[in-house]
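Here the structure comes first, spelled out in structure tokens, and everything after it is commentary.
Protein chains: 2
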Amino acid sequence: MLLRTFTAVARSGSFSAAARELGYIQSAVSQQIAALEASLGGVPLLHRRPVVPTGAGARLLEHAEPLLLRASAARADVLRAAGDPPDHLRVAACALAMPRLAAAVGSATSAMPRLDLTITVAAPDAVAIEVARGGCELGLAVGLTTLGDPLPLPDVGPLRSVVISTDSVSVLLPADHPLARRRGLRLADLADARWLLAPAVAAPAAEVRRAVGADRLSCAITYAGTDLAGLLALVAAGAGLVPLPAWVAAGHPEVVAVPVTEPRLEFRAELLSGVTADPGAAGALLATLLGA
Amino acid sequence: MLLRTFTAVARSGSFSAAARELGYIQSAVSQQIAALEASLGGVPLLHRRPVVPTGAGARLLEHAEPLLLRASAARADVLRAAGDPPDHLRVAACALAMPRLAAAVGSATSAMPRLDLTITVAAPDAVAIEVARGGCELGLAVGLTTLGDPLPLPDVGPLRSVVISTDSVSVLLPADHPLARRRGLRLADLADARWLLAPAVAAPAAEVRRAVGADRLSCAITYAGTDLAGLLALVAAGAGLVPLPAWVAAGHPEVVAVPVTEPRLEFRAELLSGVTADPGAAGALLATLLGA
DNA sequence: GATGATTACGGACGCCGTAAGCATA
DNA sequence: TATGCTTACGGCGTCCGTAATCATC
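Top line first, the protein sequences correspond to chains A and B.
For what it's worth, the numbering used here labels the leading residue of the first sequence as 16, then goes sequentially.
For what it's worth, the numbering used here labels the leading residue of the second sequence as 16, then goes sequentially.
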């Protein structure tokens with residue numbers, strides 16, 4: 016695959032390093048890049064020494080990742096459709112879906128004592144990608160959406176998605192915050208607040224921005240972790256506001272959840288799986304327990 | 016490209032026909048399909064005699080078109096980034112954008128007497144696809160959206176999009192319709208109405224459904240044409256209601272436009288072009304005249 | 001001079017076309 | 001029996017590895 020070689024070279028900034036990474040020799044990589052450039056009408060894709068993408072190369076690079084992702088998604092989809100249902104179960108889930116998943120797993124383990132289950136916590140995008148590429152049988156993605164809208168997931172090809180649960184939206188803030196005693200808040204009134212962005216836990220920046228209705232958020236802090244504990248610590252310390260389901264604040268007296276009054280906003284959890292794939296007995300059981 | 020061969024075989028239902036179409040001989044196609052099946056772990060993709068996709072083949076087929084589209088989009092993007100700005104201008108536009116485009120073209124022709132311009136009318140999806148694959152320098156896509164939401168275009172890779180104009184939404188109905196004398200209508204109240212769907216002119220079914228708030232529309236008529244005249248004739252004949260900008264009904268006394276009262280709904284026109292591509296002098300002029 | 005990309009060359013493999021084999025309508 | 005997919009085989013091109021060349025730090 017010439018594209019994969021190209022991305023490896025561009026990423027590592029070295030023909031030799033890319034060759035080592037892919038199990039080739041330097042000259043083979045050199046020839047592959049030359050072949051790729053030739054197949055595109057002789058357009059140079061990389062500056063040499065130092066190895067940096069050209070303008071055209073940068074364009075190609077931007078297409079390469081989604082292209083490779085969809086290719087592996089297609090491969091995984093075909094293999095799922097043809098293969099036997101797996102006897103193990105791998106689940107990728109957002110942190111916000113963990114309580115519900117944990118409850119289902121609890122029931123499942125009693126019904127299936129010998130359950131071979133692996134759980135990974137990841138951002139919603141990563142959950143969808145893992146399901147698409149066949150890295151797991153089930154995914155639990157949670158996102159902040161307007162009522163009827165689909166979850167804002169990356170386009171990884173067709174996936175089966177079933178709504179598991181919805182939560183109303185609250186703003187989490189430290190207990191000593193001036194707004195902490197309010198009964199409700201309108202996000203639209205908080206456009207100038209300092210927001211705490213947690214794309215790997217809750218909503219990506221663009222979603223928060225849309226929900227708030229601001230063109231761009233003022234000086235936001237971004238938390239890239241996938242866990243709720245770290246995020247809550249930041250909220251408690253006054254790092255910023257964050258939209259989350261109210262139950263996240265339960266048991267954390269230093270954090271207060273104030274309901275958001277926008278009517279059509281919600282957190283929605285969806286169970287993702289291959290369109291026609293059989294997730295196996297364990298997967299089917301878990302899906303049932305999740306209410307899908 | 017094995018995928019293209021596979022799609023050709025699946026589409027035509029014949030190895031021989033696909034071979035003729037692609038300029039191969041039958042046995043070459045047979046070997047390519049065999050190679051593709053082998054590369055996927057020996058999964059059969061096609062039933063032979065008659066030639067029909069298997070379950071796995073159907074999965075692959077669903078991935079193939081977007082995959083090939085993105086591949087050609089990537090190629091076009093690279094060539095645009097590397098090539099000279101074109102001296103001709105090809106524009107794909109939705110019918111709803113034609114008045115505005117026509118005005119801009121009128122000004123452009125006076126400023127550029129020797130203007131080499133080709134205009135194609137197409138559905139919004141097709142407009143985006145044409146721009147992405149390099150079939151035209153500029154695209155004008157119009158869609159029905161909620162205020163802050165992006166236009167619901169297919170994922171064809173990164174495109175530059177600039178909002179050109181917005182129109183408020185009306186419901187078009189025949190002048191003798193019971194609702195024709197109303198001052199305003201709520202789409203949510205019209206869930207049971209008979210809708211006239213015009214995905215190639217106005218909004219695709221899913222958008223209308225979302226705007227109306229119904230799970231599914233009752234017995235809708237679909238009009239696949241891209242022209243407004245045919246659609247207006249259907250409205251006048253009482254075939255159904257259709258959401259459109261009010262100006263569409265101007266000069267057509269047999270059709271009445273009643274404003275929709277949902278506040279956040281709008282028709283939005285966006286000018287699409289390659290992210291970093293130079294659309295050429297004519298393209299730049301036209302973009303300026305369009306207000307982008 | 002050393003690191004690292006390019007070019008030259010040879011062997012292996014892959015791909016297409018010819019031709020024969022074979023299954024189904 | 002005829003159509004049409006598959007298999008066998010040979011030529012040609014492609015791709016990778018070895019090795020020599022060249023450029024840059």
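Just so you know, even glycine gets a beta-carbon here, dropped at the ideal spot from N, CA and C.
{"Item": "Chain A contact residues for P173 (chain B), given Cβ-Cβ distances below 7 angstroms", "Value": "E77"}
{"Item": "Start-end ranges of the alpha helix (DSSP H) lying completely within the region 47 to 110 of chain A, minimum 4 residues", "Value": "70 to 97"}
{"Item": "Runs of alpha helix (DSSP H) lying entirely within the region 231 to 255 of chain A, each at least 4 residues, in chain order", "Value": "243 to 251"}
{"Item": "CB contact check: A49 (chain A) to chain B, cutoff 8 angstroms", "Value": "no"}
{"Item": "A240 (chain A) versus A79 (chain A): straight-line alpha-carbon distance, rounded", "Value": "Here residue 240 (chain A) turns out to be Gly, not Ala, going by the sequence shown. Roughly 26 angstroms separates the two Cα atoms."}
{"Item": "Which residues DSSP lists as bridging P189 (chain A), in chain order", "Value": "A:V270"}
{"Item": "Span of the beta strand (DSSP E), counted from its first residue to its last, around G150 (chain B)", "Value": "That residue, G150 (chain B), is in no beta strand (DSSP E); it is neither H nor E in DSSP."}
{"Item": "Proximity to H192 (chain A) [Cα-Cα], best of A:S183, A:A254, A:A299", "Value": "A:A254"}
{"Item": "Nearest candidate by alpha-carbon position, reference V142 (chain B), set B:D207, B:G298, B:E285", "Value": "B:E285"}
{"Item": "Residues sharing a beta bridge with P258 (chain B), DSSP", "Value": "B:V186"}
{"Item": "C-alpha distance - S31 (chain A) paired with A73 (chain B), whole-angstrom precision", "Value": "40 angstroms"}
{"Item": "I179 (chain A) in three-state terms, based on DSSP", "Value": "strand"}
{"Item": "Helix, strand or coil at G121 (chain B) [DSSP, three-state]", "Value": "helix"}
{"Item": "Coarse secondary structure for S29 (chain A), derived from DSSP in three states", "Value": "coil"}
{"Item": "Proximity winner among B:V136, B:L132, B:M127, relative to L111 (chain B) (alpha-carbon distances)", "Value": "B:V136"}
{"Item": "Enclosing alpha helix (DSSP H) for A297 (chain B) [first to last residue]", "Value": "295 to 304"}
{"Item": "Contact list for V146 (chain A) against chain B, beta-carbon separation under 9 angstroms", "Value": "By Cβ distance, chain B contributes nothing, its closest Cβ being about 14 angstroms from V146 (chain A), past 9 angstroms."}
{"Item": "Chain A within 8 angstroms of V67 (chain B), Cβ atoms only", "Value": "no"}
{"Item": "T20 (chain B), DSSP secondary structure in three states", "Value": "helix"}
{"Item": "Separation of T303 (chain B) from V250 (chain B), as counted between CA atoms", "Value": "35 angstroms"}
{"Item": "8 angstroms contact criterion, which L35 (chain A) and L84 (chain A) should meet: CB distance rounded", "Value": "In the sequence on display, residue 35 (chain A) carries Arg and not Leu. With 8 angstroms as the limit, R35 (chain A) and L84 (chain A) do not qualify as a contact, their Cβ atoms being about 24 angstroms apart."}
{"Item": "Environment of L159 (chain A) [buried if 16+ CB atoms lie within 10 Å]", "Value": "buried"}
{"Item": "Interface residues of the region 120 to 139 of chain A facing chain B [CB-CB below 9 angstroms]", "Value": "none"}
{"Item": "CB contact check: L82 (chain A) to chain B, cutoff 8 angstroms", "Value": "yes"}
{"Item": "CB of F282 (chain A) within 8 angstroms of CB of T181 (chain A), strictly", "Value": "yes"}
{"Item": "Contacting residues, own chain, Cβ-Cβ under 8 angstroms from P65 (chain B) (five flanking each side not counted)", "Value": "G28"}
{"Item": "Below-8 angstroms beta-carbon distance, A97 (chain B) vs any chain A residue", "Value": "yes"}
{"Item": "Integer Cβ distance of A50 (chain B) from A138 (chain B), believed to fall under 8 angstroms", "Value": "Between A138 (chain B) and A50 (chain B) the Cβ distance is about 36 angstroms, and since that is not below 8 angstroms, they are no contact."}
{"Item": "First and last residue of the uninterrupted beta strand (DSSP E) at V136 (chain B)", "Value": "132 to 136"}
{"Item": "Burial state of A4 (chain B) (16 or more Cβ within 10 Å)", "Value": "Any property of residue 4 (chain B) remains undetermined from this structure, which presents chain B solely from 16 to 307."}
{"Item": "Cutoff 8 angstroms: G70 (chain A) Cβ touching any chain B Cβ", "Value": "yes"}
{"Item": "Cβ-based neighbour list, R105 (chain A), same chain, cut-off 6 angstroms, excluding 5 preceding and 5 following", "Value": "T133, C151, E152"}
{"Item": "E277 (chain A) vs R201 (chain A) beta-carbon contact at 8 angstroms", "Value": "yes"}
{"Item": "Simplified DSSP state of A43 (chain A), which is helix, strand or coil", "Value": "helix"}
{"Item": "C-alpha gap between T69 (chain A) and A33 (chain A), whole angstroms", "Value": "18 angstroms"}
{"Item": "A206 (chain A), DSSP secondary structure in three states", "Value": "coil"}
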